[in-house]
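Protein chains in written order, with the working numbering: chain A, 1495 to 1740; chain B, 1495 to 1740.
Ideal placement from N, C-alpha and C gives every residue a C-beta, glycine not left out.
What follows is a single structure, written as structure tokens, with notes after it.
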DNA sequence: AGCTCATGTGAACGGCTTTTACATGAGCCG
DNA sequence: CGGCTCATGTAAAAGCCGTTCACATGAGCT
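Here's what the structure looks like:
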């Protein structure tokens, strides 16, 4: 009947009109639900209301769809890290930790992207565009570490910023991957992943000689774009980055 | 000879004789080669020289084979961590770092096991035996952290051992997962994964107030009352756990 | 020798990926 | 408006995999 045809046309027409985007969205949902390994090209096609062969007009194969998602993920990741870093405001240490939390938040709130980016097993270095996107995201952490390294307390040698960045990345990824994902590797914890990572980073920074009570550094040491707030131990209990020992 | 009999049986017998083990070995090789996602039940069967249906006499399905491998992996993992810890000899800090290195070594040398254990996406908590094996492995790290925590410098609050253990685990897993695997996520690094993790752990321990020069403890009492920065010991270059700043 | 049961086989079903030949209709050009 | 062309869809088919089922075999026990 004609109404059916009309409706189908209204919905998608013979030509879908935006199949590529629809496939990406469908895949995103499927990956979030069943993981990148369980995600199926045919399922995405079905969800978009097209035949199983249609996706091949827009992606060379299943891997290319996955890569596209990973790429998009890295871009959003970069954007969120950039926002969290906020150019080091109000002070470098606070902003640095905000980046760590943004990392975890992304892993938690965008499991599909995170999965495609870090747990799908696709070769990052095979796709130059993907590698570049990954690099740009990491560069946010790297730039933040750079700023932090420049604040190394006088008298102590300055830690290499690249090393710091890699350390922070490994901590964030380790916590996210082991403790902060819904699907599989969830373990019972005495504290939330966020608290765990925060404490970890604070202890680490203290190990580098940074003051971790988040008080503004000594006069003139940091060139603040904005005068840092005079916070009095908002995030860190007195005595250490962990709770009171019982 | 008896080996000849075994071989003949393995080659020609209608009954394979040791199919379960052969399948596990074959799967191990395949996972090492193509990842847990790319591993195929049929391929394992083919490699063992049996029909595609034969494996179902020994494993309920593909996932159970994967679980078996993960379980075996956790057992080997535990054994290696135990050996590395060596009950805290010659001193706690040295032994603790040896555990970290053993973690990385396992990830590097047994990629198939590591993959099945941590990156295959199989639900750890669904299989009680698997969960128990995982727990036992983690308990090595936990016990080591316990010992370390007991050495907390006087005057500072004692860090919770569980938290320390989780931190160390996340660092080791983060480094292993991001930088120390052959397949995918390999990135260019200014230092080896081992050095990266070692520095990370040392800085972290220093952040907790532990001396990190790794000198054998003074006779009798393990905690040497040496201020952390005052020493220029063997394992750590003067100035810090990282190389000389340029 | 004969029985029985664990262990293997082959065939079959449904699902997935990917390719190929074909269909359709949207946009453009005269 | 009519017709051309090409991007974008479809159906069908080949080849793979996971899984099941009926059936075959032979190892070990009595």
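| Asked | Found |
| --- | --- |
| Residue range of the alpha helix (DSSP H) that includes residue 1641 of chain A | 1622 to 1643 |
| Candidates A:1661, A:1528, A:1571: closest to residue 1698 of chain A by CA position | A:1661 |
| Outcome for residue 1650 of chain A when other beta-carbon atoms lying within 10 angstroms are tallied against a minimum of 16 | exposed |
| 7 Å Cβ cutoff, residue 1464 of chain A in contact with chain B | Residue 1464 of chain A is absent from the model: chain A starts at 1495 and stops at 1740. |
| Within the stretch 1555 to 1630 of chain A, ranges of the alpha helix (DSSP H) (whole runs, at least 4 residues) | 1556 to 1579, 1586 to 1603, 1605 to 1608 |
| Cβ-based burial, residue 1687 of chain B [other Cβ within 10 Å; buried from 16] | buried |
| Candidates B:1736, B:1514, B:1537, B:1568: closest to residue 1554 of chain B by CA position | B:1514 |
| Reference residue 1522 of chain A; option with closest CA among A:1625, A:1607, A:1674 | A:1607 |
| Beta carbon proximity, residue 1562 of chain B to chain A, threshold 7 Å | no |
| Supposed contact pair residue 1556 of chain A and residue 1535 of chain A - C-beta distance, whole angstroms, cut 8 Å | 5 Å |
| Residue 1530 of chain B and residue 1609 of chain B closer than 7 Å at C-beta | yes |
| Closest residue to residue 1664 of chain B among B:1642, B:1694, B:1645 (Cα-Cα distance) | B:1694 |
| Closer than 7 Å to chain B by CB, residue 1695 of chain A | no |
| Test item: CB-CB of residue 1703 of chain B and residue 1648 of chain B under 7 Å | no |
| Where residue 1628 of chain B falls, given that 16 or more other Cβ within 10 Å makes a residue buried | buried |
| Start and end residues, alpha helix (DSSP H) containing residue 1663 of chain B | 1655 to 1673 |
| Neighbourhood of residue 1580 of chain B by C-beta, 7 Å cutoff - its chain only, sequence neighbours within 5 removed | 1589 |
| Under 7 Å by beta carbon: chain B residues contacting residue 1672 of chain A | 1663, 1664, 1667 |
| Beta-carbon proximity check, residue 1616 of chain B vs residue 1560 of chain B, cutoff 7 Å | yes |
| Cβ pair count under 8 Å reaching 3, the stretch 1630 to 1639 of chain A against the stretch 1564 to 1579 of chain A | yes |
| Spatial neighbours of residue 1598 of chain A in its chain, beta-carbon cut-off 8 Å, leaving aside the 5 residues before and after | 1666, 1669, 1670, 1674, 1687, 1688, 1691 |
| Contact with chain B by residue 1698 of chain A, beta-carbon distance below 7 Å | yes |
| Cβ-Cβ distance between residue 1778 of chain A and residue 1526 of chain A below 7 Å | Nothing about residue 1778 of chain A can be reported from this structure: the residues present for chain A run from 1495 to 1740 only. |
| Closer than 7 Å at the beta carbon, the chain B residues around residue 1536 of chain A | Under the 7 Å cutoff, chain B gives no residues; its nearest Cβ is about 17 Å from residue 1536 of chain A. |
| Run of the alpha helix (DSSP H) containing residue 1701 of chain A, from where it starts to where it stops | 1687 to 1701 |
| Cβ-based neighbour list, residue 1582 of chain A, same chain, cut-off 6 Å, excluding 5 preceding and 5 following | 1589, 1641 |
| Any chain A beta carbon closer than 7 Å to residue 1531 of chain B | yes |
| Rounded C-alpha distance that separates residue 1638 of chain A from residue 1510 of chain B | 59 Å |
| Cβ-Cβ separation, residue 1655 of chain B to residue 1643 of chain B (assumed contact under 8 Å), whole Å | 4 Å |
| Under 9 Å from the C-beta of residue 1684 of chain A: neighbouring residues of chain B | 1654, 1656, 1657, 1660 |
| Any chain A beta carbon closer than 7 Å to residue 1702 of chain B | yes |
| Sub-7 Å separation of residue 1736 of chain B and residue 1657 of chain A beta-carbons | yes |
| Distance, residue 1567 of chain A Cα to residue 1595 of chain A Cα | 17 Å |
| Local Cβ density within 10 Å of residue 1512 of chain A, reported as buried at 16 or more and exposed below that | exposed |
| Cα-Cα separation, residue 1455 of chain A to residue 1584 of chain B | Only positions 1495 to 1740 of chain A appear in this structure, which leaves residue 1455 of chain A out of reach. |
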